[in-house]
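A.B. asks:
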Amino acid sequence: MSDTISLITHIGKNRDYLLIVLHRDNQGWLFRLVSKQGIILQEQIGYADAIAAEAEGKQWLASYLDKA
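This is the structure in structure tokens:
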């Protein structure tokens, strides 16, 4: 299994979160959100492309921060 990384960027109000978008042969495109403490907050798989995974990752974080 090989991973192809499309995006690694800091996001959030204080850029406290890391959004990683990558492709896995057996899972398709996915996003992973990591806190500044290194905790994986969310990982979702099965997106059609990197753009969709990135958009969903940003939307998920916005929703998560609204609830915090």
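For the sequence shown, position 43 matches number 43 in our numbering, and the numbering has no gaps at all. Glycine included, every Cβ here is placed at the ideal spot set by N, Cα and C. These numbers come from a predicted model, not from an experiment.
Please state whether the Cβ-Cβ distance between Phe31 and Tyr47 is less than 9 Å.
C.D. replies: The answer is yes: Cβ separation under 9 Å.
A.B. asks: Tell me whether the beta-carbon of Ile20 lies closer than 9 Å to the beta-carbon of Ile39.
C.D. replies: Going by C-beta atoms, Ile20 is not nearer than 9 Å to Ile39.
A.B. asks: Residues in its own chain within less than 8 Å of Leu69 by CB, not counting five upstream and five downstream?
C.D. replies: Since the first residue shown for the chain is 1 and the last is 68, residue 69 is missing from the structure and cannot be characterised.
A.B. asks: Return the bridge partner residues of Ser35 from the DSSP annotation.
C.D. replies: DSSP lists Tyr17 as partners of Ser35.
A.B. asks: Quick check on Ser6: does DSSP put it in helix, strand or coil?
C.D. replies: Note: Ser6 maps to strand in three-state DSSP.
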